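Enquirer:
In the UniProt record's numbering, the protein residues as written are 1 to 202.
(1) Under three-state DSSP, which class holds residue 25?
(2) Have a look at residue 114 and residue 82 and give me their C-alpha separation to the nearest angstrom.
(3) Is the CB-CB distance between residue 199 and residue 189 below 8 Å?
(4) Short of 8 Å in beta carbon distance, which residues of its chain neighbour residue 155, apart from the five on each side in sequence? Order them along the chain.
(5) Grab me the residues of residue 86's own chain with a C-beta within less than 7 Å of its C-beta, minus the 5 sequence neighbours each way, in chain order.
(6) Using a Cβ-Cβ cutoff of less than 7 Å, which residues in the same chain neighbour residue 2 once the five nearest sequence positions on both sides are dropped?
(7) Have a look at residue 102 and residue 130 and give me their C-alpha separation to the nearest angstrom.
(8) To the nearest angstrom, how far is the alpha carbon of residue 89 from that of residue 61?
(9) Starting from the C-beta of residue 79, find all residues in its chain whose C-beta is less than 6 Å away, skip the five residues before and the five after it, and write them out in chain order.
(10) Note down the Cα distance separating residue 8 from residue 56, rounded to an integer number of angstroms.
(11) Which whole runs of the alpha helix (DSSP H) in the UniProt domain "UPF0029" (141–195) are 4 residues long or more, in chain order?
(12) Would you report the Cα separation of residue 145 and residue 164, rounded to the nearest angstrom?
(13) Does the distance from the CB of residue 127 to the CB of residue 35 come in under 8 Å?
(14) Quick one: measure Cβ to Cβ for residue 23 and residue 11, integer angstroms, because I've assumed they're closer than 8 Å.
(15) Measuring CA to CA, which of 169, 159 and 105 is closest to residue 18?
(16) Tell me whether residue 5 is buried or exposed, calling it buried when 16 or more other Cβ atoms sit within 10 Å of its Cβ.
(17) May I ask which residues mark the beginning and end of the alpha helix (DSSP H) holding residue 113?
(18) Pull up the CB-CB distance for residue 46 and residue 100, whole angstroms please, since I reckon it's below 8 Å.
(19) Just the Cα atoms here: how many angstroms apart are residue 193 and residue 41?
(20) Leaving out five residues before and five after residue 30 in sequence, what residues of the same chain have Cβ atoms less than 8 Å from its Cβ?
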């Protein structure tokens with residue numbers, strides 16, 4: 001699992017297409033329950049709107065933990081799915097997109113709706129602030145005292161952090177590393193120590 005990006009702050013955006021108003025809300029969420037709470041919130045806030053369409057994606061957009069969408073009465077596949085597609089393409093993990101539509105009297109047709117809902121979320125996504133999430137791994141190292149300085153040096157090179165250190169017959173270090181750096185870190189440890197460092201994944 002490599003690092004991925006998530007939405008870090010809410011965004012509001014408005015788009016007008018052939019007299020129809022599309023109000024877009026991007027909201028950081030961490031599970032379905034939270035997402036549905038926000039959907040309900042916007043439904044109640046905009047009771048008079050023609051449609052309240054939504055899509056959410058939890059976790060890494062490349063390998064989502066869960067995702068869902070709703071067209072809320074728009075023709076099938078013209079709202080929720082295009083919205084989800086934008087969240088995936090823009091790598092907006094842990095995000096909910098809600099688009100509130102006020103109908104302006106001019107029908108957009110299926111193609112026009114797909115374009116409008118995509119554009120509404122896409123334009124909001126351009127304003128979004130993202131946070132990078134790096135999955136980490138905890139390792140326990142047992143090494144000769146003479147190797148401690150070298151371990152600390154390698155740890156710094158691989159964006160790791162020292163969680164705890166205890167001194168017994170050997171030095172015991174608990175270290176936290178980004179998963180994508182861990183293999184190279186372990187390899188360099190063993191190269192430096194002639195394979196004498198004991199490594200355990202916690």
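Heads up, the beta-carbon is just placed ideally off N, CA and C, and yes, glycines get one too.
All figures in this text were calculated on a predicted structure; none of them were measured in a lab.
Expert: From the atom records:
(1) strand
(2) 6 Å
(3) yes
(4) 161, 162, 175, 177 and 185
(5) 118, 121, 122 and 125
(6) 180
(7) 29 Å
(8) 8 Å
(9) 53, 71 and 117
(10) 14 Å
(11) 148–157 and 179–193
(12) 15 Å
(13) no
(14) Actually they are not in contact, since the Cβ atoms of residue 23 and residue 11 sit about 11 Å apart, beyond 8 Å.
(15) 105
(16) buried
(17) 109–126
(18) 5 Å
(19) 58 Å
(20) 58 and 94
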